[in-house]
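Down below is the structure, laid out as structure tokens.
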Amino acid sequence: MSDANTTRRNIFITGGASGIGRAVARHFGERGWFVSIADVNEEGMQDTLGLVGGGFTYSHKLDVRDRAAWDVALKGAATAAGDRIDVMVNNAGIGTGGNLADLEVEEIDRCLDINLRGVLYGAQAVYPYLQKTAPGSALVNIASAAGITGGTGMSVYSATKFGVRGIAESLDAEWAPDGIKVSSICPSFIDTPLLDGTGHRGNNEQIRTRVKEAGLEITPVEEVAQTVWDAVHGDGLHHLVGKTAKQLNFAKRWMPGKVRKQQRSAAGLLGR
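Under this note's numbering, the residues of the sequence shown are numbered 9 to 280, in order.
Put into structure tokens, the structure is as follows:
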């Protein structure tokens, strides 16, 4: 291990094989960081590391639902970077859509396990590493605009993203004495492959099509990466990405009745 590696800051990113995780990896790598990524998609991870370049990288196949596997992945990442992890981004997640009454138990469990249990496991496992590199170390949880308000067909997904925001708030207080920053990122509709899915059981129309027809913005994924950078180097707790997320947050705070009415109307349009 070279002496340069021991002073190069290390970021560990779950869900690093594509989308937001890949964009964050490239953003930090371009700014001289050691980049460690984890995912279940090994081919995608290699594609990401090829885009990062520079040679200061590490990848590890990780199922975030496996608590013991977290310890192995983080130890490997820390060792590769000179015995340090400075930032961890809890980004791995999946979408689940559909009326709650129609969802299979395994669909509910999988979304809860990856989006919520995985975030808790990751935070618990990375704590001693962030404690060691504090002050200035940081945990960043990727939440969603769905964590600001719930919508029809989004009960399980929204529950996980409300939870992710809550975890950030709790750990922001719990880890403050250690000098560890904690924050959540709440993107709205981001231009990633997830928009090419349906996001709602029983509907074959892509999310991307519905978003465009509704006149809503699709935010470049690089804006999320920049926001993660700002969160790591700033002092904010919750960060909103995209005009839709910011408008929704404003309306939820100042016009909650209107938001509720709109959500109920949307449910009616979808046949419920």
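Glycine included, every Cβ here is placed at the ideal spot set by N, Cα and C.
Note that the structure is a prediction, hence the values are computed from the model and not measured.
What distance in whole Å lies between the Cβ atoms of residue j and residue i, which are believed to be in contact at a cut-off of 8 angstroms?
i: Ser152; j: Lys169; result: 4 angstroms
i: Leu82; j: Phe20; result: 7 angstroms
i: His35; j: Ala233; result: 4 angstroms
i: Ile45; j: Ala31; result: That belief does not hold up - the Cβ atoms of Ile45 and Ala31 are roughly 12 angstroms apart, past 8 angstroms.
Should residue i and residue j be called a contact, given that it needs their Cβ atoms to be closer than 7 angstroms?
i: His241; j: Ile193; result: no
i: Gly126; j: Ala86; result: no
i: Gly63; j: Ala25; result: no
i: Met96; j: Leu147; result: yes
i: Thr227; j: Gly244; result: no
i: Gly61; j: Leu124; result: no
i: Tyr318; j: Gly106; result: In the structure as shown, the chain begins at 9 and stops at 280. Residue 318 is therefore absent and cannot be evaluated.
i: Arg73; j: Asp117; result: no
i: Asp55; j: Gly23; result: no
i: Glu38; j: Lys69; result: no
Comparing alpha-carbon positions, which option in the options lies nearest residue i?
i: Pro195; options: Asp180, Tyr165 and Glu231; result: Glu231
i: Asp94; options: Ile122, Leu70, His68 and Trp41; result: Trp41
i: Ala239; options: Ile150, Gln255 and Ser178; result: Ile150
i: Gln255; options: Gly84, Thr65, Asp71 and Ile156; result: Ile156
i: Val229; options: Gly29, Val43, Gly174 and His68; result: Gly29
i: Trp237; options: Arg261, Lys189, Arg268 and Gly265; result: Lys189
i: Leu108; options: Pro136, Ala167, Ser178 and Ala181; result: Ala167
i: Ala133; options: Ala181, Glu114 and Gly84; result: Gly84
i: Arg16; options: Ala154, Thr65 and Leu59; result: Thr65
i: Gly187; options: Ser145, Val43, Thr235 and Gly27; result: Ser145
i: Ile175; options: Gly265, Arg92 and Asn98; result: Asn98
i: Ala154; options: Asp71, Pro185 and Arg173; result: Arg173
i: Ala89; options: Val43, Asp71, Gly27 and Val113; result: Val43
i: Cys119; options: Ser178, Asp71, Gly27 and Arg268; result: Asp71
i: Arg92; options: Gly265, Trp262 and Pro136; result: Pro136
i: Ser284; options: Val113, Glu114 and Asn18; result: Examination of residue 284 is not possible in this model, given that the chain is present from 9 through 280 alone.
Hey, which unbroken runs of the alpha helix (DSSP H) at 4 residues or more fall wholly within the region 22-107?
27-37, 50-60 and 75-88
Quick check: the region 72-81 against the region 114-133, are at least 3 beta-carbon pairs closer than 8 angstroms?
yes
Tell me whether the region 157-168 and the region 134-148 touch, counting them as touching only if at least three CB pairs, one residue from each stretch, are closer than 8 angstroms.
no
Within the region 223-259, ranges of the alpha helix (DSSP H) (whole runs, at least 4 residues)
229-241
Which parts of the region 150-196 are runs of the alpha helix (DSSP H), unbroken and 4 residues or longer, counting only runs that do not cross its ends?
163-182
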